[in-house]
Amino acid sequence: MSIAVSYSLQDAQRLVSIASSPELNPHTCRWAAGGVRCGTAVQGIYFPTHLRDAHGIYGVGYRSLGFLCQWENCSDASTFNKEGLMRHIQEKHLLWRWLCPSCGAAFTGKVARNTHLALCGGAR
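Everything in the sequence shown is counted per the numbering used here, starting at 13 for the first residue and increasing by one.
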């Protein structure tokens, strides 16, 4: 017995958006403290937790200043707060991109993609 399922274009776009979400994909941590690279596979959504638990990156809001990126081969000498460091890792090292399901444009942040969606006519 087979069941016929039909999806609207909007449903299909939403499924593609979910499947391509960097938050759901596994990434390899390349934090290299003390000359040793981490190498742990971490689902994107859990990267902040991994950085806190495995590498001591913690703090509350913008008061958590003073973190340097120790990602393997990172040449950025900036000092980050916790959120800024996570954003830096997502954009520069993990190459997270949020795709517009309507036109395919890529954005480094979900907020920028969602703002674009309102103009592009895509559904969230």
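Using N, Cα and C, we set each Cβ at its ideal position, and we do this for glycine too. Here the structure is a predicted model, which is why all the values come from computation and not from measurement.
Within the segment 38-118, ranges of the beta strand (DSSP E) (whole runs, at least 3 residues): Taking only runs of at least 3 residues, the beta strand (DSSP E) segments lying wholly in the segment 38-118 are 38-40 and 53-55.
Helix, strand or coil at residue 120 according to DSSP, with G and I counted as helix: Residue 120 falls in the coil class under three-state DSSP.
Contact between the segment 102-116 and the segment 37-56 (3+ Cβ pairs under 8 Å): The segment 102-116, when compared against the segment 37-56, does touch it at the 8 Å Cβ threshold.
Chain-order list of residues whose beta-carbon lies under 8 Å from that of residue 149 (same chain, five-residue window excluded): Residue 149 lies beyond the residue range present for the chain, which begins at 13 and ends at 136; the question has no answer from this structure.
Buried/exposed call for residue 129, threshold 16 Cβ in 10 Å: Taking all protein chains in view, the Cβ of residue 129 is crowded by 16 or more other Cβ atoms within 10 Å, so the residue is classified as buried.
Which listed residue (87, 50 and 69) has its alpha carbon closest to that of residue 79: Nearest option by C-alpha distance: 69.
Integer Cβ distance of residue 132 from residue 112, believed to fall under 8 Å: Contact flag correct, Cβ pair sits at about 6 Å.
Supposed contact pair residue 109 and residue 91 - C-beta distance, whole angstroms, cut 8 Å: The pair is not a contact, with the Cβ atoms about 26 Å apart (cut-off 8 Å).
Residue 59 versus 100, 87, 86 and 46, residue with shortest Cα-Cα distance: Of 100, 87, 86 and 46, the smallest CA-CA separation from residue 59 is found for 100.
Residue 84 and residue 49 closer than 7 Å at C-beta: Contact annotation: residue 84 and residue 49 have beta-carbon atoms nearer than 7 Å.
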